[in-house]
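Below is one structure, written out as structure tokens; comments come after it.
Chains as they are written, first to last, in this note's numbering: chain A, 1 to 283; chain B, 1 to 348.
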């Protein structure tokens, strides 16, 4: 097999890109398997060390926080619940609202769509005080509901679903109508299966969005039981560092590596659907 | 009372276009009726109103004795075959056919039997597990038909279902649709802009133009006695020749040609229609013309010529030896012509 110069060049660029993405992660992982003394004296590591089980064990089970009550494992669970809730509800709500906007003939459909669309200009960070006020008045601080609910509406996803539904030919709806499908059945039997790819893609994006929330859980949670991973990254394993003890760099890298796993898993699992949908264009 | 009755049906779209105007029509049980007309004439709109996919602005539709104006499409018990088939892309052929039955709460076993029977009838029983994207155009067409047949509806509606097929397949499917309809005896309405399809399929043809029914009749009636100039021109291939002429005492004057109609009509502004195959070529014909162009079609040929400044065509067997530029002689029988009054457009 012969390679053309252009192919070699493109491959070199691709390989460089991959290295650029993977190396930092590898460094983090390698470093996370060393003990703190050698990290302190020798810096970041390229090769694996021997403290893997010790570091990861400590990260998952050591109680941290100011009250020494919360473990990293707990924070992973919290983040996972929050991201899952946000992603699921965002996808469900946007798919349904896009359905209403596209298929139900009501006069205000267009203004309502634009109203939804301009909420893109007011992300959570802008409305964080009113949102906090509402959630706290409802007594939802320090609950999963409070973590999830203010983030479940998504203009982006609504927009994408709307655009997708608009490409579905009218005859499909008409044919389904004649076959006795009511509006609910049409949504379940037609739109959802047809937008599988879209659902998977949106779910991935929204999961990562929910998982990487920082400001909202920081304000929302005073009870350490509801801390999330991204918050914890700032807080955990710092309390022992008072100039005397060694910085617990190994554990912190282990924590970072672990925190990357849930979104990676979601992507890996859903990408099958994603790719399948991309290959089979059936409309 | 007829099986399907349309009474003074009018459709006006929100933007003010009048698609269908005061149309009335009776269709009997088991009949195969074809709506034919140029594109945009309102034939599809009429069909979609029967299906319940368009609101009716005015008038009344009744099916099997019940007024169905306000009845939901799913409750009307009609099945429709769409131009692009509208197969459900994410469902297998089996599920495409079974979906309507499932929604009607029919048992699984019965659905299985029905789908398999219909699939055999249409020779698609090998394809039941495939997705529509894996089927050819003709197969998709069959599945679309199967989906309609399996529901055993009161009425079949076909919305130009053959226009996406190539010519050979179209003829084949046309025959098949006719055969199936005969076999099952289900009332059918078929919309097309193709007059050949209309002539070959329909027990009766409804010629529609500008949202108005121009003529209803058997293919033979429509062909031999077109009611209006529009029908005369629309039905028949090649098109009927239409000559502007003046009729004096039963004699039609076209340029310097005279045709005796054997009656005593007087009309200043008339149109005389002559089918291309009613122009009889013979060596001792009364009239003569120069063939400007000869189109050879195998068994037939078509000659294009002019009388005065009015063009016309005639169709004859290609056994006759005639080339472009030749002069030919012909006769026109006064009984085989169609006379229309230009002021009203209708037959005299």
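For glycine and all other residues, C-beta sits at the position ideal for the given N, C-alpha and C. Values in this document were obtained by computation on a predicted structure and should not be read as measured data.
Checklist entry - Under the rule that 16 or more other beta-carbon atoms within 10 Å means buried, what is residue 181(B), buried or exposed? => result Per the 10 Å Cβ criterion, buried.
Checklist entry - Should the segment 68-82 of chain B be called in touch with the segment 22-41 of chain B, which here means at least 3 C-beta pairs below 8 Å? => result Output reads no: the segment 22-41 of chain B does not touch the segment 68-82 of chain B.
Checklist entry - With residue 174(B) and residue 197(B) assumed to form a contact (beta carbons below 8 Å), what rounded beta-carbon distance in angstroms separates them? => result Contact between residue 174(B) and residue 197(B) is confirmed by a C-beta separation of about 6 Å, below the 8 Å threshold.
Checklist entry - In whole angstroms, what separates the C-alpha of residue 241(A) from that of residue 258(A)? => result For residue 241(A), the predicted structure reports a pLDDT of 49, less than 50, and the residue's modelled location is therefore unreliable. A value from the coordinates is still provided. So the two alpha carbons sit approximately 22 Å from each other.
Checklist entry - Alpha carbon to alpha carbon, what distance is there between residue 72(A) and residue 78(A)? => result Computed Cα separation, rounded: 10 Å.
Checklist entry - Could you give the distance in angstroms between the alpha-carbon of residue 263(A) and the alpha-carbon of residue 140(A)? => result Straight-line Cα distance between these residues: approximately 26 Å.
Item to check | Residue from 3(B), 287(B) and 104(B) with nearest C-alpha to residue 332(B) | outcome: Distance check between residue 332(B) and each of 3(B), 287(B) and 104(B) places 287(B) closest, using alpha-carbon atoms only.
Next on the checklist: For a test of the three-state rule: what should DSSP assign to residue 35(B), helix, strand or coil?
Outcome noted: The DSSP-derived three-state label of residue 35(B) is strand.
Checklist entry - Taking Cβ positions, are residue 80(B) and residue 61(B) nearer each other than 8 Å? => result Taking 8 Å as the cut-off, the Cβ atoms of residue 80(B) and residue 61(B) do not count as close.
Item to check | Candidates 201(A), 184(A), 131(A) and 170(A): closest to residue 161(A) by CA position | outcome: It is 201(A).
Checklist entry - Which residues in chain B sit within 8 Å of residue 190(A), going by Cβ to Cβ distance? => result Under the 8 Å cutoff, chain B gives 88 and 90.
Next on the checklist: Less than 8 Å between CB atoms is the rule here; does residue 241(A) satisfy it with respect to chain B?
Outcome noted: In this predicted model, residue 241(A) has a pLDDT of only 49, less than 50, meaning its place in the structure is not dependable enough to derive any value.
Next on the checklist: For the segment 113-123 of chain A against the segment 215-235 of chain A, do three or more pairs of beta-carbon atoms, one drawn from each stretch, fall closer than 8 Å, so that the two count as touching?
Outcome noted: The segment 113-123 of chain A, when compared against the segment 215-235 of chain A, does not touch it at the 8 Å Cβ threshold.
Next on the checklist: Please confirm whether residue 82(B) has its beta-carbon closer than 8 Å to some beta-carbon of chain E.
Outcome noted: Absent here is chain E; the protein component of the structure consists of chains A and B.
Next on the checklist: I'd like to know if residue 224(B) contacts chain A, where contact means its C-beta is closer than 8 Å to some C-beta of that chain.
Outcome noted: It does not: the Cβ of residue 224(B) has no partner Cβ on chain A nearer than 8 Å.
Item to check | Simplified DSSP assignment, three categories, for residue 304(B) | outcome: Residue 304(B) carries a strand assignment under DSSP once its states are collapsed to helix, strand and coil.
Checklist entry - Name the chain A residues that come within less than 9 Å of residue 69(B), Cβ to Cβ? => result Think of a sphere of 9 Å around the beta carbon of residue 69(B): no beta carbon from chain A falls inside it, the nearest being about 16 Å out.
Item to check | Minimum Cβ-Cβ distance from residue 258(A) to chain B less than 8 Å | outcome: At least 8 Å separates the CB of residue 258(A) from every CB of chain B.
Item to check | Opening and closing residue of the beta strand (DSSP E) in which residue 328(B) lies | outcome: DSSP places residue 328(B) inside the beta strand (DSSP E), whose first and last residues are 327-332.
Checklist entry - residue 165(B) and residue 138(B): beta carbons closer than 8 Å? => result Their beta carbons are under 8 Å apart, which means residue 165(B) touches residue 138(B) by this criterion.
Item to check | Contact list for the segment 194-206 of chain A against chain B, Cβ threshold 9 Å | outcome: Taking 9 Å as the upper bound on Cβ-Cβ separation, chain B lies near residues 194 and 196 of the segment 194-206 of chain A.
Checklist entry - What do you get for residue 26(A), buried or exposed, if any count of 16 or more other CB atoms within 10 angstroms of its CB means buried? => result Residue 26(A) comes out exposed.
Checklist entry - Of all Cβ atoms in chain A, is any one closer than 8 Å to the Cβ of residue 137(B)? => result For residue 137(B), the answer is no, since every Cβ of chain A falls outside 8 Å of its Cβ.
Checklist entry - Quick one: does residue 53(B) have its CB under 8 Å from some CB of chain A? => result For residue 53(B), the closest Cβ of chain A is nearer than 8 Å.
Checklist entry - Under 8 Å, do residue 98(A) and residue 207(A) count as touching if we go by C-beta distance? => result Annotated as distal: residue 98(A) and residue 207(A), with beta-carbon spacing of 8 Å or more.
Next on the checklist: To test your reading of the DSSP string, which unbroken alpha helix (DSSP H) runs of 4 or more residues are found completely within the segment 135-216 of chain A?
Outcome noted: Runs found: 144-148, 155-166, 170-178, 183-186 and 196-211.
Item to check | For residue 177(B), the first and last residue of its enclosing alpha helix (DSSP H) | outcome: The continuous alpha helix (DSSP H) containing residue 177(B) extends over residues 167-184.
Item to check | Rounded C-alpha distance that separates residue 97(B) from residue 151(B) | outcome: If you take the alpha carbons of residue 97(B) and residue 151(B), they lie about 8 Å apart.
Checklist entry - Comparing the C-beta of residue 15(B) with each C-beta of chain A, is any distance below 8 Å? => result Not a single C-beta of chain A is nearer than 8 Å to the C-beta of residue 15(B).
Item to check | Nearest to residue 176(A) (by Cα), restricted to the options 229(B), 334(B), 224(B) and 95(B) | outcome: Selected option, being the one with the closest Cα: 95(B).
Checklist entry - How about residue 178(B) and residue 157(B): are their beta carbons less than 8 Å apart? => result No.
Checklist entry - Quick one: is residue 130(A) near chain B, going by C-beta distance under 8 Å? => result Cβ-Cβ to chain B under 8 Å: no for residue 130(A).
Item to check | Cβ of residue 109(A) within 8 Å of any chain B Cβ | outcome: Not one chain B Cβ lies under 8 Å of residue 109(A).
Checklist entry - Between residue 116(B) and residue 146(B), what straight-line distance do the alpha-carbon atoms span, to the nearest angstrom? => result Rounded to the nearest whole angstrom, the C-alpha separation of residue 116(B) and residue 146(B) is 10 Å.
Item to check | Straight-line gap, residue 190(B) to residue 33(B) (C-alpha atoms, nearest Å) | outcome: If I take the Cα positions, the gap works out to 6 Å.
Checklist entry - Can you find a C-beta in chain B that's less than 8 Å from the C-beta of residue 133(A)? => result False, the Cβ-Cβ gap to chain B never drops below 8 Å.
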